[in-house]
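Sequence positions in the sequence shown follow my numbering and run 18 to 132.
From the three backbone atoms N, C-alpha and C, an ideal C-beta is built for every residue, glycine too.
Only one structure is covered here, and it is reproduced in the block below.
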Amino acid sequence: MNENLNRRDFLKAMGLGATALAMPGCAFAAKSSTKSPNVLFIAVDDLRPQLGCYGHKQMLSPNIDRLGAEGVVFLRSYCQVPVCGASRASLMTGVRPRANRFLGYNTWAEKDLPG
18 MNENLNRRDF LKAMGLGATA LAMPGCAFAA KSSTKSPNVL FIAVDDLRPQ
68 LGCYGHKQML SPNIDRLGAE GVVFLRSYCQ VPVCGASRAS LMTGVRPRAN
118 RFLGYNTWAE KDLPG
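Dropping the structure here:
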């Protein structure tokens, strides 16, 4: 047996050992019993908070009211830019709007987003 262990063989052995130790943990992590939350994102132009779930008495919106009663209703909202399409695009992509982004139908994801 070769008593002199070079650096490359040592790193191979350590990498193989670390992988062997990590593999059983990966199998147990995949069997998580917690359920991920269901998210429903509703975006409506020019709706305003004139719904029953926001306390408006004259508007009849039973389905939206039931969704609000069973879920989360946001009482404050902020927008990135006053143009509705640009604000939604910024919200869905996580990219801040600029003067030359999200103003037309062209996408700039190839330039702006990593990956």
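Mark residue 106 as exposed unless 16 or more other C-beta atoms lie within 10 angstroms of its C-beta, in which case mark it buried.
buried
To the nearest angstrom, how far is it from the Cα of residue 73 to the Cα of residue 79?
12 Å
C-beta contact flag for residue 104 and residue 112 at 7 Å:
no
Would you report the Cα separation of residue 70 and residue 109, rounded to the nearest angstrom?
24 Å
As an exercise, report each continuous alpha helix (DSSP H) stretch of at least 4 residues that is fully enclosed by the segment 37 to 111, in chain order.
79 to 87, 101 to 110
C-alpha distance - residue 55 paired with residue 91, whole-angstrom precision
16 Å
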